Structures are given as structure tokens and as C-alpha cells.
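**Q** Going by this note's numbering, the first residue of the sequence shown is number 54, and it counts up by one from there. The beta-carbon is built from N, C-alpha and C at its ideal position, and this holds for glycine as well. Note that the structure is a prediction, hence the values are computed from the model and not measured.
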Amino acid sequence: MKEKQQHKLFSIESALIFSVLFVFIMAVKAQQPTEPPKIVELRQANELRKASASDVQILKDEVVFYHEGAFMYCDSAYLYEKTNRFEAFSNVKINQGDTIFVYGDYLHYEGNTRLAQLRNNVRMEDNQATLYTDSLNYDRMNNLGYYFEGGMLVDEENELTSFWGQYNPVSYEALFSDSVKLVNEQYTIFADTLKYNTQSKIADILGPSSIVSDSGYIHTTRGWYNTLTDDSQLLDRSTVYSSNNDKTLTGDTIYYNRANGLGTVHGNMHLQDTAKKVILQGNYGYYNEKTEFALATDSAFAIEYSQSDSLFLHGDTLTMLTDSIY
């Protein structure tokens, strides 16, 4: 018994010592200085002079800077060596690893934070998309470019515009907010907030949105849409409307393909055809817009109200084809 107590006390003491040691090590690591920022290198300038009574270097004609894996070009620049920053004017270009290119009329670059602020006729390119705006802040440390006065992102499939947006050319992830519009040859998405991947071509819907096409339109507040396959998942009680607005399919979760017109519903399906005056409900079901065939199961319920006396049907499974319910 005594040995067990001693062993228990030893275990507690060991745990306490380990905990204190761990906290000490983490505290020491936190106090260790981070690697100092690297100096912006001036690689080329055909004309160089220093402003009087100032540390500013005035550079002209084929100016080239290098900093942390990126070459930066311009026609003229002011270099502030003491603060590790520069301003670049006219024909500005950033070449980062021969994979990311940024262009503009003006650049303010902070070497200590690797923040590039570009203005007027700005264009950011990678192998997937091109971003256009007049005001872009490019955080090279986090590979994130963002605009705040309107911009447009274009790839081979879609054109996205918004008032505010950001794009990561490494992960290919883009986020858009405020007056978002995604234009595809077949449809247009209007959204409050939208996330988009330029590689997968999938749009994540993050707020009230409408998807409008010749075949109808969709209202949803959350989900995703694959702009390559037309597959989508619509959450939070979404609704699909037919082109002439006489048919509506509503459900808690809808898996819908705009191209083939097939919608599968999980949770509180409600299908209504106002032209034929038919309603079909169930906890699970699907509807084919092309064939007008529908099925509802799990507490299935249907109403046919074309006559003065409505017809009510209950069943485990009900199907509907054109103007027939069975």
C-alpha cells in the first residue's frame, strides 16, 4: 500500500515537473527573435541620384528590384533604404517565381512586411486566372491579393465581379463580397458572398443567392455549384423554379443538376405545379424536369386541386407523371 502511494506521488510530481518544463520551453521559444526582414535589393537602374538632405534615391530607366523571391520592374522609382521600402512608377511589373505576375501603373512596396500596394490598371495573373482592378494590395507573405473598390476575376469558364474580393494565387481560392456576380455562358449567379476556386471551378454560396438561366432560376442561401458539371448542393431550404415559374421544387437539401434537370431532395420535399394544380410532398423525393416525373416517399402526401373538390392522397410512396398521381 505504501509503495502504491509513493508511486502515485512520484507520478504526480513527474507530471508537474513536465508541465512546468513544457511551459518554460514554450516561453523561451516565444521570446526568441524572429528572422529579421531581408533588405530590398536594387539590381538595376540606368540613372541614379540622391535627393539633397534626404536618404531617398531617385532611380530612372529600366529599374529592377529583387526581394524574397520576386523581381520588380518599373520605369522610375524612389528607394528609401532606411525604411526598406520603395515607390515605383509606370510600367510596374512583379514577377514572383515565374508563376505569379502583377502589373500596374504605381507600386508602393514595404520590404519589412512584403506588402505590395498597386494602383491604377492593376492586373494579377497566374496559370488559372486573371484579376483586374484599380486598387490591389498584395500580401506576399501570405500570398493574398485583395481589392476594395471593385474588381473582376476571369478564368476560362467564368467571369466574377464584386466590390470587395481577395484571391490566393497559390491555393487558387477566391472570396467575393458585396454585389457579387458570376457570369457563365449558360447562367448567372447573383450573390451577397461567394467563394470560388479557379482550379476546381466550384463556387461556394455563403449568403442569399440566385442562379438565373434560360431553364429557370434557383434561390438559396447556402451550398455549392460546380460550374464545370452543373452539379450543385443547395442547403437551408432552397427552391428551384422552372423557366415559366409554374413549377417549384423546395427542400431542406437539394442535389440538383441544371443540365439534366434532375433534383433529389432530402428533407421536407415540396413540389408544386401551379399549371396542373398538383402538390407532391414527402421527406425524400426527386423530380426530373425533362420528363416531368416525380417521386415522393417517407410520409408522402399529394393534393390535386384542379376541381372544386380537392383530391388528397397519402402513401408510403407516391409518384407523379405529367397530370397523373399514383
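Check whether the region 250-259 and the region 270-284 touch, using three or more Cβ-Cβ pairs below 8 Å as the test.
**A** Touching, yes.
**Q** What residue range is occupied by the uninterrupted beta strand (DSSP E) comprising residue 348?
**A** Residue 348 -> beta strand (DSSP E) spans 346-357.
**Q** With distance defined between alpha-carbon atoms, name the residue in 254, 270, 296 and 137 nearest to residue 94.
**A** Residue 94 has its Cα closest to that of 137, out of 254, 270, 296 and 137.
**Q** Can the beta-carbon of residue 131 be found less than 8 Å from the beta-carbon of residue 118?
**A** For residue 131 and residue 118, no; Cβs fall outside 8 Å.
**Q** Using only alpha-carbon positions, find the residue among 299, 202 and 313 that is nearest to residue 324.
**A** The residue with the shortest Cα to Cα distance from residue 324 is 299.
**Q** Counting Cβ pairs closer than 8 Å, one from the region 101-113 and one from the region 151-158, do we hit at least three?
**A** No, the region 101-113 does not touch the region 151-158.
**Q** Buried or exposed: which applies to residue 328, given that a residue is buried once 16 or more other Cβ atoms fall within 10 Å of its Cβ?
**A** Residue 328 is exposed by the Cβ-count criterion.
**Q** Quick check on the DSSP output: the beta strand (DSSP E) that includes residue 118 runs from which residue to which?
**A** Its beta strand (DSSP E) spans residues 109-120.
**Q** Does the beta-carbon distance from residue 244 to residue 233 come in below 8 Å?
**A** Closer than 8 Å, so yes.
**Q** Give the straight-line distance between the Cα atoms of residue 78 and residue 240, rounded to the nearest whole angstrom.
**A** Note that residue 78 scores 42 on pLDDT, short of 50, meaning its location in the model is unreliable; the coordinates nonetheless yield the value given after this. Cα to Cα, the separation comes out at about 57 Å.
**Q** Between the C-alpha atoms of residue 190 and residue 169, what's the straight-line distance to the nearest angstrom?
**A** If you take the alpha carbons of residue 190 and residue 169, they lie about 6 Å apart.
**Q** Give the list of continuous beta strand (DSSP E) stretches no shorter than 3 residues that lie fully inside the region 162-210.
**A** You should have 168-178, 183-192, 197-200 and 204-207.
**Q** So residue 196 and residue 221 are in contact, right, with Cβ under 8 Å, and what is the actual spacing, rounded?
**A** Sure, about 5 Å apart at Cβ, within 8 Å.
**Q** Skipping 5 residues on each side, what residues in its chain have a beta carbon closer than 6 Å to that of residue 184?
**A** Closer than 6 Å at the Cβ level, and outside the excluded window around residue 184, lie 177, 206 and 220.
**Q** Tell me whether residue 344 is buried or exposed, calling it buried when 16 or more other Cβ atoms sit within 10 Å of its Cβ.
**A** By the neighbour-count rule (16 or more Cβ atoms within 10 Å), residue 344 is not buried but exposed.
**Q** Taking the C-alpha atoms as reference points, what is the distance between residue 162 and residue 147?
**A** Cα-Cα distance, rounded: 11 Å.
**Q** Just to confirm my understanding: we take residue 374, look at its own chain, exclude 5 residues before and 5 after, and list those with CB closer than 6 Å. What are they?
**A** If we look at residue 374 and ignore the five residues flanking it on each side, its Cβ neighbours are 346.
**Q** Please report how far the alpha carbon of residue 305 lies from the alpha carbon of residue 352, in whole angstroms.
**A** Straight-line Cα distance between these residues: approximately 15 Å.
**Q** Between residue 314 and residue 342, what straight-line distance do the alpha-carbon atoms span, to the nearest angstrom?
**A** Approximately 5 Å, taken between the alpha carbons.
**Q** Would you say residue 333 and residue 312 are within 8 Å of each other, going by their C-beta atoms?
**A** Against a cut-off of 8 Å, the Cβ pair of residue 312 and residue 333 comes out as no contact.
**Q** What residues are listed by DSSP as bridge partners for residue 102?
**A** Bridge partners of residue 102: 111.
**Q** Going by DSSP, what residue range makes up the beta strand (DSSP E) through residue 310?
**A** First-last of the beta strand (DSSP E) with residue 310: 306-310.
**Q** Which class does residue 314 belong to by DSSP, given the choice of helix, strand or coil?
**A** It is coil, neither helix nor strand.
**Q** Between which two residues does the beta strand (DSSP E) holding residue 234 run?
**A** 226-236 is the span of the beta strand (DSSP E), which, as asked, contains residue 234.
**Q** Which residue wins for smallest C-alpha separation from residue 242, given the options 96, 265 and 142?
**A** With distances taken between Cα atoms, residue 242 lies closest to 265.
**Q** Can you tell me whether residue 275 is helix, strand or coil according to DSSP?
**A** The answer is strand: DSSP assigns residue 275 an E or B state.
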